[in-house]
Amino acid sequence: MVFFREIPPTAGLPMLWRDWLPTNRNLKHDAAILFKLPPLLLESSGTAAFIIALETLKRMPQNIERTEVIIPAFNCPLVLLAIAQCGLIPRLCDTKLNHFDFDLIALEKLLSKKTLAIVPTHIGGQLADVDAVMPLAHSYGAFVIEDGAQAFGSSAGKSADIVFFSLAVGKGLTLFEGGLLTAREEKMRRALQQTHDQFIQRKPSLEAKRILELLGYTLAYRPFMLQWAYGTPRRNNLKKGDIENAVGDVFSFPIPLHKVSTLREKRGARALQRYPVFLEKIKTQAKRRIDHLHTIPSIHVIKGITKETNIWPFLILLMPDRKSRDQALETLWPSPYGVTRLFVHALANYNYLKPFLDNQDNTPNAINFADRLLTISNSLWMNDDDFDCIIKILKQSLPQ
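In structure tokens form, the structure reads like this:
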């Protein structure tokens, strides 16, 4: 089936052709000022930034016995792969019931003298409670790395020892692939810089590929082109029953690290000037649509700890049970309306990740959360008629 417009699954900031014009702006400098962050490092992806953070902590003399990194069990597979790439052990912590954030009781049980870092994770622009994790981590001598991959432009990054953001496709501002990294304390920032200098090299062929991909994004990230770049491949994977590839949950290993060119950095610096207005627009739209969703009692909209400083690339919905979620997705997932699943499984249930999981961490809440969750795009290209169609199908899927 051919659709004449396709809504992306997230509200990404379009790259405009004028963003390719010359500029003296600096992405790292401007982003730090705009979002009140310490000086930033630019990495080739959010995952690469996470790897630099882990390698920095791992190399500190006081951390020689610390080999475990605790992450929420509902998470992107890349987080687990990054930990494995650093030769560290991922520990999966269960989430709160009906939420993505850490269950603090479960977290405390996992903490030990082996814990190198805890990684609270913001999901879909909704903020996890980093302040609740900090004293727990520090009481065991562990560090806190704030995963802001899905939260660039929010108030994330103000509390943890280290924070990183993603500039990948679908994360709001994008370089097609990119990441930002910083730390609260200057000493830690110097250590991150040293690790960056040691690990990051120029890889011209890979960077050339990224430049071409960013050009492709500039051309194709619009409703009339996305059916070819996103919609048709997704629908083909769904027809084959390959839901992990339909979502984009299958990643290659090891994760590449390389220097981002000035050419791509400058494109991001120009696009950044439009980003705050864009965030305000999607925030206003999200509020209106969440108010509509709140009229359906059995559907729960997932939110972070604060309302004013979250961002809204998409809306996270928790259905009453897996059956109603799957029934809704049977119609909505192949549609052009930007409805999908965030992650197909909780981390423990990905077969291709099991070789990296030596422990038997029990995570029933995260598994239940993944089984009932779907997301609705908050793209500005979704009009009210589109949203009304989604609401109608959601209501039809609910238990009578």
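All residue numbers for the sequence shown refer to this note's numbering, where the first residue is 2 and numbers rise by one. Ideal Cβ positions, reconstructed from N, Cα and C, are used throughout, including at glycine. Note that the structure is a prediction, hence the values are computed from the model and not measured.
Between Gln194 and Leu42, the CB-CB gap stays under 8 Å.
Between the beta-carbon of Cys94 and that of Phe101 there is about 11 Å, and that puts the pair past the 8 Å contact cut. In chain order, Asp95 place their CB closer than 8 Å to the CB of Pro365, counting only its own chain and leaving out the 5 sequence neighbours on each side. Ile146 places its beta carbon less than 8 Å from that of Val120. Per the C-alpha coordinates, the member of Arg211, Ala83, Lys59 positioned closest to Ile52 is Ala83. Annotation for Lys304: Gln127 place their beta carbon closer than 6 Å to its own, counting only its chain and skipping 5 residues before and after. Across the structure, Phe252 and Asn246 are spaced so that their CA atoms are roughly 9 Å apart. The straight-line gap separating the alpha-carbon atoms of Ala118 and Thr219 is approximately 37 Å. By the Cβ-count criterion, Glu7 is buried, with 16 or more other Cβ atoms from all chains shown falling within 10 Å of its own Cβ. The criterion of a C-beta distance shorter than 8 Å is satisfied by Gly173 and Tyr276.
Setting aside the 5 residues that flank it on each side, Phe254 is surrounded in the same chain by Leu82, each with a C-beta closer than 6 Å to its C-beta; the list follows chain order. The C-alpha of Gly217 lies about 18 Å from the C-alpha of Thr263.
One thing to note: Leu168 has its Cβ within 8 Å of the Cβ of Gly179. In this structure, the straight-line span from the alpha carbon of Asp31 to that of Gly154 is close to 12 Å. Counting along the chain, the unbroken alpha helix (DSSP H) around Ala138 starts and ends at 131 to 140. Excluding five sequence positions before and after Phe388, the CB atoms of its chain that fall closer than 7 Å to its own CB belong to Arg290, given in chain order.
Secondary structure in the region 132 to 188: the beta strand (DSSP E) runs of 3 residues or longer, each lying completely within the stretch, are 144 to 149, 163 to 167, 180 to 184 in chain order. Of the other Cβ atoms in all chains shown, fewer than 16 fall within 10 Å of the Cβ of Met61; this residue is therefore exposed.
Within the region 302 to 340, the complete alpha helix (DSSP H) segments at least 4 residues long are 323 to 333, listed from N- to C-terminus.
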